[in-house]
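Number of protein chains: 2
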Amino acid sequence: MLFDTLSIIGVGLIGGSIGLAARRGKLAARVRGVGRTADDIERALALGAIDEGAQSVEDAAWAAGLIVVATPVDQIASAVLLFAPRCRPGTIITDTGSTKAAIVGAVEDRMPPGVHFVGGHPLAGSEKSGVEHSDADLFRDRVTVLTPTARTDAVALDKVSEFWRRFGSRVCIMTPEEHDRGVALTSHLPHLVASALAGMLPDELLELAASGFCDTTRVAAGDPSIWTPILMQNARAVRESFATLRARLDLFQDALENDNAEQVNELLTEGKRRRDALGG
Amino acid sequence: MLFDTLSIIGVGLIGGSIGLAARRGKLAARVRGVGRTADDIERALALGAIDEGAQSVEDAAWAAGLIVVATPVDQIASAVLLFAPRCRPGTIITDTGSTKAAIVGAVEDRMPPGVHFVGGHPLAGSEKSGVEHSDADLFRDRVTVLTPTARTDAVALDKVSEFWRRFGSRVCIMTPEEHDRGVALTSHLPHLVASALAGMLPDELLELAASGFCDTTRVAAGDPSIWTPILMQNARAVRESFATLRARLDLFQDALENDNAEQVNELLTEGKRRRDALGG
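First to last, the protein sequences are chains L and H.
For the first sequence, the numbering used here gives the first residue as 957, with consecutive numbering after it.
For the second sequence, the numbering used here gives the first residue as 957, with consecutive numbering after it.
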């Protein structure tokens, strides 16, 4: 047992998967969930993702050793600031948001004495959302980024690291800004490009879309209410990554215009080399 | 039996899959393969993708009722023009190339009397290549495009259509130019964008690449020696599709610069609507 009570704020795909994994791994004596609606809590209970729904915000906060905030990113900081004053000293609060600088910056100066915030982001998910797609193995063999700053409590960081490791996740430590610049390239820009490729396809060409198009655009099926705030919160890094993409697309375009097969081949070979390094 | 002898020129992923499917479905009394090397033929024989390797070009051509050319696109027209003069009258030649206008334009005026060419493209494949990845079900529930022109023999078109239908493929008829403009949007541009996204990722960020990045860039692992000639042959349509993509990326970029969450949400919602229409 790492914690007596684990409270999960937001029991969607990520929060539900944390609940399933924590209950299976016996990481906490009880797992409490806070959802947007009574229906969300009923579904999470029925799926075994939580032991109980919290009766009130006070209840979820006071009892918890660890609070994980797994709401859309635009609601994380406000949730943390709502809960923190109601926490016992020693309570650790972490989150699962896909952006880190805005969230960490908004909350870490405003923690009550003895309540510790550790920014986190498990690099796991799906184009699907909702607790019904939860998976106790969602974090296994995946990377979870934690983004401590000079203000972060070392013991709290260790405990949150151990929490994710117990789910089979590999923990990576970086600054909030390094995280945001990195995921702009690995997640936010690709999401936006996938959405553009899907969005520009006329209906009459759907029948020409085969497995390659389906792969390339799969993330575009993600919930816009989750992805819009991610892109807005990380707008600066996403815009910088845009410039890098455009420069690379220019190289392809120049090569095509100049009938330069050698350069097209070099660009494709470089892309293949890096993609092969990833696997999957 | 649709044909006595089926000859397959190029026994890689596509040619090998055609051989496996044709042998399983008993579409031909024998399936002959022509490969680049004796080793290619040995592997195709060992995998059961062909009954026999052709002893010579003359042998493969003369005996065949149907010749399917499944080489990289830059070798298709020259292969067809090499084989055609050695074919019996009544022989049908088709291909599996991902571009159509250049190939159809290069060969259809130059067929000997009684030898019929029908341009084709099964929208199936994988980032993997080579006969060892062949799959007798590769074409099942997929679309195969055939691109007849005013010069195409109607009986040959019917036979080639039936050939693909027997593999479980749905046959779509369009002009070579419609095909090329369509696959520029559904395949060639997405390939190039996936390659750019993979190619611009610094090695130190590989650990931040999760399942979304893997999906979005999967096709970038495709063989550059197959993809370079595809992009070169369809350069005009690919360049037109570039302009469409840039216009759509501009909308995202403007919305991010103007902190316009509503517009980002609208663009993502449009992308999701079209991606959801696809499934998969």
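Glycine included, C-beta positions come from ideal geometry on N, C-alpha and C.
Since the model is a prediction, treat every value here as computed from it, not as a measurement.
- In this structure, DSSP gives Ser1167 of chain H a helical state, which the three-state scheme calls helix.
- Residue environment for Arg999 of chain L: buried (at least 16 other C-beta atoms within 10 angstroms of its C-beta).
- By the neighbour-count criterion, in which 16 or more other beta carbons inside 10 Å mark a residue as buried, Glu1218 of chain L falls on the exposed side.
- The C-beta distance from Ala1152 of chain H to Leu1201 of chain L rounds to 6 Å, short enough to meet the 8 Å contact threshold.
- Contact between Val967 of chain H and Val1087 of chain H holds, since their C-beta atoms are separated by about 5 Å, short of 8 Å.
- The stretch 1123-1133 of chain H and the stretch 1045-1062 of chain H touch, with no fewer than 3 CB-CB distances between them shorter than 8 Å.
- Within chain H, the C-beta atoms nearer than 7 Å to that of Leu1187 of chain L come from Leu1212, Val1220, in chain order.
- Residue burial annotation: Ser1125 of chain H is buried, with at least 16 other C-beta atoms found within 10 angstroms of its C-beta.
- Close CB contacts of Val990 of chain L within its chain, under the 6 Å cut and outside five residues either way in sequence, are with Ile965, Ala1010, Ala1016 (chain order).
- With respect to Ile970 of chain L, Thr1103 of chain L sits apart: the two C-beta atoms are not nearer than 8 Å.
- Membership of Thr961 of chain L in the beta strand (DSSP E) is indicated by the continuous run 959-965.
- With its beta carbon at least 8 Å from every one in chain H, Gln1031 of chain L lies outside the interface.
- With fewer than 16 other CB atoms across the displayed protein chains lying within 10 angstroms of its CB, Arg980 of chain H is exposed.
- Neighbours of Leu1148 of chain H across chain L, judged by C-beta separation under 7 Å: Phe1208.
- The CB of Val1139 of chain L comes closer than 7 Å to the CB of Leu1164 in chain H, given here in chain order.
- In terms of CA proximity to Gly1004 of chain H, H:Leu976 leads the group H:Gly1021, H:Leu976, H:Ala1026.
- Apart from the 5 residues on each side of it in sequence, Ala1193 of chain H sits with its Cβ closer than 7 Å to the Cβ of Asp1136, Arg1137, Ala1140 in its chain, given in chain order.
- Between Leu1003 of chain L and chain H, the shortest Cβ-Cβ separation is not below 8 Å.
- Distance check between Gln1031 of chain H and each of H:Arg988, H:Asp1171, H:Met1188, H:Thr1172 places H:Met1188 closest, using alpha-carbon atoms only.
- The stretch 1168-1188 of chain L makes no contact with the stretch 1110-1125 of chain L, as fewer than three CB pairs between them are under 8 Å.
- Beyond the five residues adjoining it in sequence on each side, Asp1065 of chain H comes within less than 8 Å, by CB distance, of Arg1107 in the same chain, given in chain order.
- At least 8 Å separates the beta-carbon of Ile1048 of chain L from that of His1077 of chain L.
- In this structure, DSSP gives Arg979 of chain L a helical state, which the three-state scheme calls helix.
- Across the set L:Asp995, L:Phe1198, L:Ala1092, the C-alpha of L:Phe1198 shows the shortest separation from the C-alpha of Asp1210 of chain H.
- Every beta strand (DSSP E) of 3 residues or more that sits fully in the stretch 983-1025 of chain L is shown, in chain order, as 984-990, 1022-1025.
- Closest in C-alpha terms to Thr1105 of chain H, from the list H:Glu1083, H:Gly1075, H:Ala1092, comes H:Gly1075.
- At a Cβ-Cβ threshold of 8 Å, Leu1079 of chain L and Ala1154 of chain H do not count as neighbours.
- Of all residues in the stretch 1099-1115 of chain L, the ones placed with a Cβ closer than 9 Å to any Cβ belonging to chain H are Val1099, Val1101, in chain order.
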